[in-house]
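K.L.:
Got a structure here, written out as structure tokens. Questions coming.
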Amino acid sequence: MSGRDNTDEPAWLLRWLWAMALSCVLMVALGGLVRLTHSGLSMVDWQPVSGVLPPLSSDAWQAAFDAYQQTPEYQQVNAGMSLADFQMIFWPEFIHRILGRIVGLIVAVPLIVGLLRGLFPGRLRIHLVGIGLLFVAQGVMGWLMVKSGLVDDPKVSPYRLALHLALALTLLAWCLWLIFERRWPPAVGTADRSISRLAQGLLAVVVVQILFGALVAGHRAGYVSATFPKIHGHWIPEGLGRDPSWWANIVANPLTLHFEHRWLAFVALALAFALYYRLRQSKSPATLRRAGTALLCALHLQIALGIATILTFVPIWLASLHQMGAIAVLGCSWLIVQQTRR
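If you use our numbering, the sequence shown corresponds to residues 119 to 460, in order.
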């Protein structure tokens, strides 16, 4: 089934959009592994052009290790680390940066060629230039995030981490929207207004939940409790909201963040059930009904992964799957919003 006829667009556009979207997913997955393996501060400088090769000799490795030994993370957290151990945390960050450069080429080369040859009609051109600029901003934000941990307190800013993830998911969502419009164009104006609003409300909850997840990771709040459904034997644990600032309680208190992230998932699930029921009741198009079913399945799986991650004390592989589950939930929610827009 093909989407609308876009005869004035290049034939390779949809393949390129898919390539950019999948690249975003891969970058988020690898970025999560970098965070979970505590590898993000192993490279202490940012060399967008000259940094494409890893250390290729013993002297080069020793120089990179010497630079890392000057950082607060080494001195306060990893003192006594061997060169072999350093290489174990160096490679994930290096691969993440190299992949970023490759994705940059995937974005930039077709964009520049298309612009120079006038292949993109006006509105599409604005979208694609916006994606290109946002990708540059994402790279800069990645370095600013790393830089935040190269200070006296060797810990990446949770807020820059959340913003870095938010920019990556914005890139993904932008690419997906352009794909959806061409692959599954909706009949604009035919969706029930209540369904459209419910879908938008669910999307808002999903976005907030993902940002809370980034803050949970940044504050290491996933380790607060290894029990479910209660936290330390209580439905409302002691210490919840203990900070004098209401804002700090919401975004900086690990216990409160853990509590918020844990239960907001069930708010999203309740909304997804309501949306699923309304889609079935209204006899919506097949694409929309399938998206509703996929969303409900993805949310159930995501909640199960989250619970398992808590109970097993945040193993790397399970936490990585949980992060990928968030992307699946976001993608399904985004498709439903696109299909029900008025």
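Glycine residues also receive a C-beta, built at the ideal position from the N, C-alpha and C atoms.
Could you tell me whether the region 426-441 touches the region 354-369, using the rule of 3 or more Cβ pairs below 8 angstroms?
P.N.:
No, the region 426-441 is not in contact with the region 354-369.
K.L.:
Tell me whether the region 280-290 and the region 253-260 touch, counting them as touching only if at least three CB pairs, one residue from each stretch, are closer than 8 angstroms.
P.N.:
Touching, yes, given that three or more Cβ pairs across the two stretches are closer than 8 angstroms.
K.L.:
What runs of the alpha helix (DSSP H), each 4 residues or longer, lie entirely inside the region 339-385?
P.N.:
List check, alpha helix (DSSP H) in window: 364-369.
K.L.:
How would you call V269, buried or exposed, if buried means at least 16 neighbouring beta carbons within 10 angstroms?
P.N.:
Taking the sequence shown and counting its residues from 1, the one referred to as residue 269 is at position 151. Exposed.
K.L.:
Distance, Cα to Cα, V225 vs P347?
P.N.:
Taking the sequence shown and counting its residues from 1, the one referred to as residue 225 is at position 107. Taking the sequence shown and counting its residues from 1, the one referred to as residue 347 is at position 229. Those two C-alpha atoms are separated by around 44 angstroms.
K.L.:
Of the choices P173, L414, D310 and H379, whose alpha-carbon is the least far from that of R338?
P.N.:
Here residue 338 refers to the residue found at position 220 when the sequence shown is read from its first residue. Cα-wise, what sits closest to R338 is H379.
K.L.:
Looking at the unbroken alpha helix (DSSP H) that takes in R215, where does it start and where does it end?
P.N.:
Working through the sequence shown from its first residue, we reach residue 215 at position 97. It spans L201 to L234 - the alpha helix (DSSP H) in which R215 sits, taken as one unbroken run.
K.L.:
Rounded to the nearest angstrom, what separates T345 and V369 at their Cα positions?
P.N.:
Translated into the one-based positions of the sequence shown, residue 345 becomes position 227. Translated into the one-based positions of the sequence shown, residue 369 becomes position 251. In a straight line, the C-alpha of T345 is about 22 angstroms away from that of V369.
K.L.:
For P272, which of helix, strand or coil comes out of DSSP?
P.N.:
Residue numbering aside, residue 272 sits at position 154 when the sequence shown is read from its first letter. Of the three classes helix, strand and coil, the one that applies to P272 here is coil, per DSSP.
K.L.:
Mind checking which residues open and close the alpha helix (DSSP H) that includes G150?
P.N.:
Within the sequence shown, residue 150 is the residue found at index 32, counting from 1. G150 -> alpha helix (DSSP H) spans L131 to L154.
K.L.:
Just to confirm my understanding: we take L289, look at its own chain, exclude 5 residues before and 5 after, and list those with CB closer than 8 angstroms. What are they?
P.N.:
Walking along the sequence shown from the start, residue 289 turns up at place 171. Once the five neighbours on either side are set aside, the close Cβ partners of L289 are M138, C142, I249, L252, F253 and Q256.
K.L.:
Grab the span of the alpha helix (DSSP H) containing P190 for me, first residue to last.
P.N.:
Here the question's residue 190 lines up with position 72 in the sequence shown. Element bounds for P190: P190 to Q194.
K.L.:
Should H214 go down as buried or exposed, given a rule of 16 or more other Cβ atoms within 10 Å for buried?
P.N.:
Looking up residue 214 in the sequence shown gives position 96. When all chains shown are included, H214 counts as buried.
K.L.:
Could you check the C-alpha separation between A178 and E191 for me, to the nearest Å?
P.N.:
Within the sequence shown, numbered from 1, the residue matching residue 178 stands at position 60. Within the sequence shown, numbered from 1, the residue matching residue 191 stands at position 73. For A178 and E191, the distance between alpha carbons rounds to 21 angstroms.
K.L.:
Would you kindly work out how many angstroms separate the C-alpha atoms of A332 and Q205, rounded to a whole number?
P.N.:
Here residue 332 refers to the residue found at position 214 when the sequence shown is read from its first residue. Here residue 205 refers to the residue found at position 87 when the sequence shown is read from its first residue. If you take the alpha carbons of A332 and Q205, they lie about 26 angstroms apart.
K.L.:
Which two residues bound the contiguous alpha helix (DSSP H) that contains H337?
P.N.:
Sequence index remark: in the sequence shown, residue 337 carries index 219 (1-based). Where H337 is concerned, there is no enclosing alpha helix (DSSP H), given that its DSSP letter is neither H nor E.
K.L.:
If you draw a straight line from the C-alpha of S160 to the C-alpha of V221, how long is it?
P.N.:
Here residue 160 refers to the residue found at position 42 of the sequence shown. Here residue 221 refers to the residue found at position 103 of the sequence shown. Each residue's Cα considered, the two are about 22 angstroms apart.
K.L.:
Since P372 contacts V342 with CB under 8 angstroms, what's their CB separation in whole angstroms?
P.N.:
Counting from one through the sequence shown, the residue named residue 372 turns up at place 254. Counting from one through the sequence shown, the residue named residue 342 turns up at place 224. Going by Cβ atoms, the distance from P372 to V342 rounds to 5 angstroms, so yes, they are a contact pair.
K.L.:
Using 9 angstroms as the threshold, is the C-beta distance between W452 and W295 below it?
P.N.:
Counted from its first residue, the sequence shown places residue 452 at position 334. Counted from its first residue, the sequence shown places residue 295 at position 177. A contact, by the Cβ cut-off of 9 angstroms.
K.L.:
Run through DSSP, which three-state label would K265 get?
P.N.:
The sequence position of residue 265 within the sequence shown is 147, counting from 1. Residue state, collapsed to three classes: helix.
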